[in-house]
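Enquirer: Protein sequence lines correspond, in order, to chains A and B. Sequential numbering from 23 applies to the first sequence in our numbering. Sequential numbering from 45 applies to the second sequence in our numbering. Even for Gly, the Cβ is constructed at its ideal location relative to N, Cα and C. I'd like to ask some things about the structure below.
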Amino acid sequence: MIEDVLALLFGVFVTIFIYSFLWKENPLSRAVEHLFVGMAAVYTLASMYDAALSQAIWGSQRIEGGYYIWIIPILISFMYFFFFTKKYFYLYRYPVAIVVGIMAGMMICGMIQSNFLAQIQATADPVTTPLVGAGVWEWSGGNIGFRGLNSLIIIIGLVTSLTFFFFTFEHKGVLGVSTRIGRYFLMATFGAAYGSTVMARISLFIGRLRFMYETTQVEDTYSVSAWWILPIAIICVIVMALWLRSRPEKAPEPAPATKPEKPKSKG
Amino acid sequence: MTSSMKIPGIDRRYLYVLLFIIVSIPLLNPLKLPIPIGEHARRFYDKVESLSPGSIVIVSFDYGPSTRPENYPQSVASLFHAKERGCKIVVLAYWPSGAPIAEEALRESTVFGSDFPNIPEYGTEVVYLGYVPGNEVGMQTFGDDTATAKGIDHYGNDIASLPLMQECQSAADFDVWVEIASGTPGEQQVIQFVQGRHGGPSAVPILVGATAVSVPGMMPFYPTQISGILNGLAGAGEYEFLLNVQYGYPYAQGPSLDAQSLGHVLILLFIVIGNISYLLTRSKGGKS
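Following this line, the structure appears as structure tokens:
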């Protein structure tokens, strides 16, 4: 139970310290930032080590069960450590080449199928992007609206946005009009992405605020509320700010003098 | 200097304080604003609702603590819904940081309870595989042959000893793939390396719980390759509301959605004021 309470206290202090970055970068925000990066790195390393063991060694279809073929990937992965030797550095290139080759092969197939062919198919498909048919131009209600109008916007947006990146001819006449419309579509897309980013950031902020305001149930019988820790954490930040102000400011170091370059002699 | 020209000089920290106050109000005193259900969340709900008892649902936790406020409510609600429908559930994570969050979600009192995995239905109705390494390669391998991708579950049980895992040998055996994601590997990789290789959207329908940042990027895949989307915290709230109406699931995101709405109104005001100030400044011949 005590560890849960300590975790709660720690969480509140860390949250306030990291948000103090909004005032300005300070030792508390930097400390928490480094803590986060360090913990994430260590956790990932430990998870990978554990996963490697569970992946290759344990289980009836692994080394434990007599499937010794799993020794091969383990040996290949150990070849990464030749990165640290000068004499056998070339051996390090083999696992890298294997990984790059596998990824390139996978990505080419996957991207062409899912991001290219399937997208063209969906745009040309009269079921998903209908322009004619019963009820297509009737109000479907709510978020859907007119399905035909949605399809028309998708097709116009697709064609005009593609022409924006068409540089074989100068953007004049019909092509100029198309690229201009395409630019508006692109701007609308970037605007939507920006709006979504704002929404996501506020969501994360709300998540931290709820963590601090609301009562957290620790086990079944004991509960603790974190909101009262909030002013204590803020006081910590203020004390730190006052301490920073009281310190004499360091004079900026003079820039190192650069030696005038010697004129190169010709010939 | 005119008042309009002073506006661009406002210290941004005042805006942070204002946002903090505005967002805090509904969290401390919920406003209970009406919540319209979007098409994306509705389709997500309808897809899970259409599953018959005994269907196999896979829930993939591909996110970390940094996006937990958005993704966690989506995850718990999805697990709850699948369980209520009588579905069999396989849970895994392609992100190392997603694994402990997945276990926590499974133990949440509304899903399997704090005794998880020491429950009678473990192995037959629900399996937690834990972290599956390999990113895209691990994803593709799991889709092709589940036993090759993972030899033991999160608790060290042999995959071959779990009856549920004998039912799902490859991705084609899952009735729905619920991808709760916030980056790579995420929904795009499931589309490329699982759905594309196993019969397309009709064979492996994908439902995505996503962070709001990533939703514009996945819209081209909707509704053909992605059957439903929960758009960030708002999507989670909409989904919770639908579950609340049907199953009495706690609608916990109400205050968050109120806070988000007020926050957005404030930011819209900032944008309008900033633009008016800019236009006035420019009309007076100032610097843009």
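Compare the C-beta of R84(A) with all C-beta atoms of chain B and state if any pair is closer than 7 angstroms.
Expert: Residue mapping note: residue 84(A) aligns to position 62 of the first sequence, counting from 1. Cβ-Cβ to chain B under 7 angstroms: yes for R84(A).
Enquirer: Residues of chain B with a CB under 7 angstroms from the CB of M293(A): which are they?
Expert: Nothing can be reported for residue 293(A): it is not among the residues displayed for chain A, which extend from 23 to 289.
Enquirer: Quick one: does T150(A) have its CB under 7 angstroms from some CB of chain B?
Expert: By one-based count along the first sequence, residue 150(A) stands at place 128. Closer than 7 angstroms to some Cβ of chain B, the Cβ of T150(A) qualifies, so yes.
Enquirer: Spatial neighbours of V171(B) within its chain, please: CB distance less than 8 angstroms, with the 5 preceding and 5 following residues excluded, ordered by chain position.
Expert: As a working note, residue 171(B) is residue 127 in the second sequence. Once the five neighbours on either side are set aside, the close Cβ partners of V171(B) are I133, V134, V135, D197, L206, L208 and M209.
Enquirer: Go ahead and pull the three-state DSSP assignment for S332(B).
Expert: As a first step, residue 332(B) must be located in the second sequence, where it is residue number 288. Below a pLDDT of 50, predicted positions are generally treated as unreliable, and S332(B), at 48, falls in that range; no measurement from the model is reported.
Enquirer: Hey, would you say V155(B) sits closer than 7 angstroms to F124(B), going by beta carbons?
Expert: Within the second sequence, the letter at position 111 stands for residue 155(B). Within the second sequence, the letter at position 80 stands for residue 124(B). Yes, they are a contact pair.
Enquirer: Taking the C-alpha atoms as reference points, what is the distance between L50(A) and I40(A)?
Expert: The residue given as residue 50(A) occupies position 28 in the first sequence. The residue given as residue 40(A) occupies position 18 in the first sequence. In a straight line, the C-alpha of L50(A) is about 7 angstroms away from that of I40(A).
Enquirer: Comparing C-alpha positions only, which one of M128(A), N172(A) and Y216(A) sits nearest to V149(A)?
Expert: In the first sequence, the residue the question calls residue 149(A) occupies position 127. Of the listed residues, the one whose Cα sits closest to V149(A) is N172(A).
Enquirer: Within 10 Å of its beta-carbon, does V238(B) have 16 or more other beta-carbons around it, so buried, or fewer, so exposed?
Expert: Here the question's residue 238(B) lines up with position 194 in the second sequence. By the 10 Å Cβ count, V238(B) comes out buried.
Enquirer: Check whether the region 255-271 of chain B touches the region 154-163 of chain A, counting contact only when three or more Cβ pairs, one atom from each stretch, lie closer than 8 angstroms.
Expert: no
Enquirer: So what does DSSP say about S82(A), is it helix, strand or coil?
Expert: The residue labelled residue 82(A) in the question sits at position 60 within the first sequence. S82(A) falls in the coil class under three-state DSSP.
Enquirer: What is the C-beta distance between L59(B) and P299(B), in whole angstroms, given that I count them as a contact (C-beta under 8 angstroms)?
Expert: Residue 59(B) sits at position 15 when you count from the first residue of the second sequence. Residue 299(B) sits at position 255 when you count from the first residue of the second sequence. That belief does not hold up - the Cβ atoms of L59(B) and P299(B) are roughly 22 angstroms apart, past 8 angstroms.
Enquirer: At 8 angstroms on the CB atoms, spell out the chain B contacts of T220(A), in chain order.
Expert: Locating residue 220(A) in the first sequence gives position 198, counting from the first residue. The residue you asked about is not Thr; residue 220(A) is Val in the sequence shown. Here the neighbours are H308 and I311.
Enquirer: On the three-state DSSP scale, how would you describe N115(B)?
Expert: Residue 115(B) sits at position 71 when you count from the first residue of the second sequence. It is helical.
Enquirer: Thinking Y175(B) and S136(A) are a contact (beta carbons under 8 angstroms), I'd like their distance in whole angstroms, please.
Expert: Counted from its first residue, the second sequence places residue 175(B) at position 131. Counted from its first residue, the first sequence places residue 136(A) at position 114. Wrong, their Cβ atoms sit about 25 angstroms apart, outside the cutoff.
Enquirer: Give me the Cα-Cα distance between F103(A) and V181(B), rounded to the nearest whole angstrom.
Expert: The residue labelled residue 103(A) in the question sits at position 81 within the first sequence. The residue labelled residue 181(B) in the question sits at position 137 within the second sequence. About 22 angstroms.
Enquirer: Check whether the Cβ atoms of P229(B) and N179(B) lie closer than 7 angstroms to each other.
Expert: Here residue 229(B) refers to the residue found at position 185 when the second sequence is read from its first residue. Here residue 179(B) refers to the residue found at position 135 when the second sequence is read from its first residue. A contact, by the Cβ cut-off of 7 angstroms.
Enquirer: Identify the contact partners of R57(B) in chain A, using a Cβ-Cβ distance below 8 angstroms as the criterion.
Expert: Along the second sequence, one-based indexing puts residue 57(B) at 13. Going along chain A in sequence order, the residues near R57(B) (Cβ under 8 angstroms) are L44 and W45.
Enquirer: Scan the region 109-133 of chain A for residues whose Cβ lies nearer than 9 angstroms to a Cβ of chain B and list them as they occur along the chain.
Expert: V121, I124, M125, M128, M129, C131, G132 and M133
Enquirer: For V27(A) and V34(A), what's the separation of their Cα atoms in angstroms?
Expert: Counted from its first residue, the first sequence places residue 27(A) at position 5. Counted from its first residue, the first sequence places residue 34(A) at position 12. C-alpha separation (whole angstroms): 11 angstroms.
Enquirer: For L97(A), which residues does DSSP report across the bridge?
Expert: To locate residue 97(A), count along the first sequence from 1; it is residue 75. Per DSSP, none; premise fails for L97(A).
Enquirer: Considering only C-alpha positions, which residue in the set C131(B), I66(B) and S246(B) is nearest to I311(B)?
Expert: As a working note, residue 311(B) is residue 267 in the second sequence. Out of C131(B), I66(B) and S246(B), I66(B) has the C-alpha closest to the C-alpha of I311(B).
Enquirer: In chain A, which residues lie less than 7 angstroms from V259(B) when you measure between Cβ atoms?
Expert: In the second sequence, counting from the first residue as 1, residue 259(B) sits at position 215. Result: S218.
Enquirer: Return the bridge partner residues of E223(B) from the DSSP annotation.
Expert: Within the second sequence, the letter at position 179 stands for residue 223(B). According to DSSP, which records beta bridges pairwise, E223(B) is partnered with S104(B) and V252(B).
Enquirer: Between the beta-carbon of V234(B) and the beta-carbon of I224(B), is there less than 7 angstroms?
Expert: Translated into the one-based positions of the second sequence, residue 234(B) becomes position 190. Translated into the one-based positions of the second sequence, residue 224(B) becomes position 180. No; because the gap between Cβ atoms is not below 7 angstroms, this pair is not in contact.
Enquirer: Determine the extent of the alpha helix (DSSP H) in which S68(B) is found, giving its start and end residues.
Expert: Taking the second sequence and counting its residues from 1, the one referred to as residue 68(B) is at position 24. Taken as a continuous stretch (DSSP letters only), the alpha helix (DSSP H) holding S68(B) covers R56 to L72.
Enquirer: If the cut is a Cβ gap below 8 angstroms, which residues of chain B does Y65(A) touch?
Expert: As a working mapping, residue 65(A) is identified with position 43 in the first sequence. Within 8 angstroms Cβ-Cβ: P140 and S141.
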